[in-house]
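> Here my numbering is used: position 476 in the sequence shown is 482, and no number is missing along the way.
The beta-carbon is built from N, C-alpha and C at its ideal position, and this holds for glycine as well.
All of these numbers come straight from a predicted model, not from anything done at the bench.
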Amino acid sequence: MNKSTCMIHSCVITFLFIINSIAATGSNWVDGKVQQFASNGSWCWFQDERAVIDTVKNKLIVGSANMSSGVDLAIFDIQNMKYEGSKRFGGLEYSDDHNSPGLLIAPNGNYIAMWAHHYDSKHRYSIYSNGSWSNEKSVNWSQWGSVSDCKVAYSNLYYLSDEKRIYSCGRVFDRAPNFIYSDDNGQTWKYGSQLTTNSSNTYNKGYYKYWGNGKDRIDMVFTEEHPRDQKTSIYHGYIKGGKMYNTEGVLADDDIYSKNKIPTFEAFTKVFEHGTMVNGVEMGRCWQHDIARYDDSTIVILFKARADDKKEDHRNFYARFNGTKWSVHYIGKAGTFFYGNEHDYIGLGSVNPDDPNRIYLSTAYNPGDDNAKPSSKREIWRGTTKDLGATWKWEPVTANSTKDNFRPIVPKWKPGKEAVLWFRGTYETAQKVYTEAVGTFYEYDPPGKVATSSPANTKHSQQELNCIAGIHQVTMRYQIQSGEQMTTLKIFSLSGKKVETLVQANRKAGSYQTDWNTATVPSGTYIVQLAAGAARQHALLTVQK
Numbered sequence: 007m008n009k010s011t012c013m014i015h016s017c018v019i020t021f022l023f024i025i026n027s028i029a030a031t032g033s034n035w036v037d038g039k040v041q042q043f044a045s046n047g048s049w050c051w052f053q054d055e056r057a058v059i060d061t062v063k064n065k066l067i068v069g070s071a072n073m074s075s076g077v078d079l080a081i082f083d084i085q086n087m088k089y090e091g092s093k094r095f096g097g098l099e100y101s102d103d104h105n106s107p108g109l110l111i112a113p114n115g116n117y118i119a120m121w122a123h124h125y126d127s128k129h130r131y132s133i134y135s136n137g138s139w140s141n142e143k144s145v146n147w148s149q150w151g152s153v154s155d156c157k158v159a160y161s162n163l164y165y166l167s168d169e170k171r172i173y174s175c176g177r178v179f180d181r182a183p184n185f186i187y188s189d190d191n192g193q194t195w196k197y198g199s200q201l202t203t204n205s206s207n208t209y210n211k212g213y214y215k216y217w218g219n220g221k222d223r224i225d226m227v228f229t230e231e232h233p234r235d236q237k238t239s240i241y242h243g244y245i246k247g248g249k250m251y252n253t254e255g256v257l258a259d260d261d262i263y264s265k266n267k268i269p270t271f272e273a274f275t276k277v278f279e280h281g282t283m284v285n286g287v288e289m290g291r292c293w294q295h296d297i298a299r300y301d302d303s304t305i306v307i308l309f310k311a312r313a314d315d316k317k318e319d320h321r322n323f324y325a326r327f328n329g330t331k332w333s334v335h336y337i338g339k340a341g342t343f344f345y346g347n348e349h350d351y352i353g354l355g356s357v358n359p360d361d362p363n364r365i366y367l368s369t370a371y372n373p374g375d376d377n378a379k380p381s382s383k384r385e386i387w388r389g390t391t392k393d394l395g396a397t398w399k400w401e402p403v404t405a406n407s408t409k410d411n412f413r414p415i416v417p418k419w420k421p422g423k424e425a426v427l428w429f430r431g432t433y434e435t436a437q438k439v440y441t442e443a444v445g446t447f448y449e450y451d452p453p454g455k456v457a458t459s460s461p462a463n464t465k466h467s468q469q470e471l472n473c474i475a476g477i478h479q480v481t482m483r484y485q486i487q488s489g490e491q492m493t494t495l496k497i498f499s500l501s502g503k504k505v506e507t508l509v510q511a512n513r514k515a516g517s518y519q520t521d522w523n524t525a526t527v528p529s530g531t532y533i534v535q536l537a538a539g540a541a542r543q544h545a546l547l548t549v550q551k
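1) Fully enclosed by the segment 283-310, which beta strand (DSSP E) runs are 3 residues long or longer?
2) What's the call for residue 445, buried or exposed, on a 16-neighbour Cβ count within 10 Å?
3) Going by CA-CA distance only, name the one from 397, 452, 411 that's closest to residue 422.
4) What are the boundary residues of the beta strand (DSSP E) that includes residue 522?
5) Per DSSP, what kind of secondary structure is residue 348 in: helix, strand or coil?
6) Under 8 Å between the Cβ atoms of residue 554 and residue 270?
7) Can you tell me which residues form a DSSP beta bridge with residue 247?
8) Per DSSP, what are the beta-bridge partners of residue 47 in this structure?
9) Give me the DSSP bridge partner(s) of residue 498.
10) Assign residue 205 to buried or exposed, taking buried as 16 or more other Cβ atoms, counted over all protein chains shown, within 10 Å of its Cβ.
11) Compare the Cα-Cα distances from residue 215 to each of 532, 288, 293, 262 and report the closest residue.
12) Please report the distance separating the alpha-carbon of residue 547 from that of residue 531.
13) Among 428, 487, 527, 166, which residue has its Cα nearest to the Cα of residue 3?
14) Quick one, are the C-beta atoms of residue 325 and residue 319 less than 8 Å apart?
15) If you draw a straight line from the alpha carbon of residue 250 to that of residue 244, how long is it in whole angstroms?
16) Are the segment 99-107 and the segment 68-87 touching, with three or more C-beta to C-beta distances below 8 Å?
17) Where does residue 226 land, buried or exposed, given buried means 16+ other C-beta within 10 angstroms?
18) Would you please state the rounded distance, in angstroms, between the beta carbons of residue 416 and residue 356? I believe it to be under 8 Å.
19) Where does residue 188 fall in DSSP's three states?
20) What are the start and end residues of the beta strand (DSSP E) that includes residue 262?
21) With 16 other CB atoms within 10 Å as the buried threshold, where does residue 68 fall?
22) Is it true that the segment 331-347 meets the segment 385-397, where meeting means three or more beta-carbon pairs spaced less than 8 Å apart?
23) For residue 432, count neighbouring Cβ atoms within 10 angstroms of its own Cβ and tell me buried if that reaches 16, exposed if not.
24) Output the distance between the C-alpha atoms of residue 450 and residue 363, rounded to the nearest integer angstrom.
25) Count the other CB atoms, across all protein chains shown, that sit within 10 Å of the CB of residue 391; report buried if there are 16 or more and exposed otherwise.
26) Got a sec? Which residues, its chain only, sit under 8 Å from residue 220 by beta carbon, not counting five neighbours each side?
27) Are the beta-carbon atoms belonging to residue 57 and residue 103 less than 8 Å from one another?
28) Taking DSSP as the reference, what is the three-state secondary structure of residue 364?
29) Determine which residues share a DSSP beta bridge with residue 6 and list them.
30) Thinking just about the alpha-carbon of each residue, which of 137, 347, 48 is nearest to the one in residue 234?
31) Tell me which same chain residues have a C-beta within less than 7 Å of the C-beta of residue 34, skipping the five on either side of it?
32) What residues are listed by DSSP as bridge partners for residue 166?
33) Can you say whether residue 303 is buried or exposed, counting buried as having 16 or more other CB atoms within 10 angstroms of its CB?
34) By how many angstroms is the C-alpha of residue 543 removed from the C-alpha of residue 467?
35) Output needed for residue 284: all residues of its chain with C-beta closer than 7 Å, excluding positions within five of it in sequence on either side, in chain order.
36) Suppose the cutoff is 6 Å on Cβ atoms and the five residues either side in sequence are ignored; what does the same chain contact list for residue 150 look like?
And the structure:
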């Protein structure tokens, strides 16, 4: 018989991060329904955003490089869970995952995709409007500099509403970060300038990832050079009002449109230094995975470092800025490199841009357990933290895979809603990738979003939500005090993942009863969430079998 207990927390909810065991059985197991977005797609990680969600039209737009020397732009209807199709742009000299496009939803509602053939002289782009993608357009960088110095790679698109301007950042002149901009929703582009430089004569002058808040600021996380060429550290800075600053707001460049003063990496904040000792091991040759900044000024960076400079032993780290200082936390082993010429290519990870306490990693190791035996394939894992990254709890997203799973990404959506994308298959080199781009969707209960008080449409008493145990069943009784409210009753795991929606309907004032069949759920503790209008009430429900 099921024995169920119910405890009401009427104000602040404490989320206990205890993970119920998941029955990850069978080959190629995935936690959720898998959707395919490209049958032959992959991406590098220095172009963003690689996937975007149109919250007005409920569409997911996914960009990927295909192995037919072009790019694919797919659109997925989230509301109806339906793949609408894709548009392929070809004409590139050879296939390469670096060709993957960056995407942006323009302020007029159109979609912009911009990509660059690895070391071409131009950016290519298309604009989606009125149900179709435009013919390929291009921006030739040679009009602003010598052809021999046009080494175009990557595109990173961000709109700042305060400036009514779209930025596209990529590696071009001096093999350093440069940018172009558009004031007409991406129809035409002008040259901005070069953002940073250094004195190196190696492959390039740093790798940059960006994050825009859509209003007035673009954050950057970067290295000095390629980690195979240099003992690289992790740096952070940001662009705001046509100027650049380090993390703490110290001016690094007073005019990003001028080449009179181009700052070096030394003008910015060093988040993690090559040679730092962690648990008795020297960490270095760093490379960033992802960055996001949140409305409360929190910044999160995921990055990797080699352990004792061993190319077969990479480790993952989580850095978090709380508005005052950076804290860096060790996560665990990331495994070995992909192939011989690139000793720093690993599975990578992504942060949830709506919740700094949720991350995703690709690794052959069980994160958090460096002593565990690695699996034969890279798997996707979800990590959640309740102490700002100091400790983590992990859930598998994939398991028992017959092919590797690479480079997860999480596009910005809204707290409680999450799309997780990755590609799976065989990765031989950046030019020989035999994979499909896939993903799945989650609904979760975001910690820290529970109101400490609620309007008068729900009662604050232990009688508001009663849980009555039965055989393989829990009966839940609840009241709506007044008016008519959109009401939901949902079950979540303690990590915040939605297990089931029991009620989603308008409810008038009165008493209601709903049954939850627990025959197929494992024993453990669950969160019951009752929401009526703007009010929310939670209970902890323990199912014992």
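Answer, in terms of the structure:
1) 287-299
2) buried
3) Checking every option, the nearest Cα to that of residue 422 belongs to 452.
4) 504-523
5) strand
6) With the chain represented from 7 up to 551, any question about residue 554 goes unanswered, as that position is not in the structure.
7) DSSP lists no partner for residue 247.
8) DSSP, once it has assigned bridges, lists 72 as partnering residue 47.
9) The partner list for residue 498 (beta bridge, DSSP) reads 504, 533.
10) exposed
11) 293
12) 6 Å
13) Outside the displayed range of the chain (7 to 551) lies residue 3, so it cannot be described from this structure.
14) no
15) 6 Å
16) yes
17) buried
18) 5 Å
19) strand
20) Here residue 262 belongs to no beta strand (DSSP E), and DSSP marks it neither H nor E.
21) buried
22) yes
23) exposed
24) 12 Å
25) buried
26) 164, 165, 166, 167
27) no
28) strand
29) Nothing in the structure corresponds to residue 6, since the chain is present only between 7 and 551.
30) Taking the Cα of residue 234 as reference, the smallest distance to any Cα among 137, 347, 48 is reached at 347.
31) The answer, listed in chain order, is 406, 407, 408.
32) Paired residue(s): 171.
33) exposed
34) Confidence at residue 467 is low in this model, with a pLDDT of 31, below 50, so the placement of that residue is unreliable and no value is reported for it.
35) 336
36) 197
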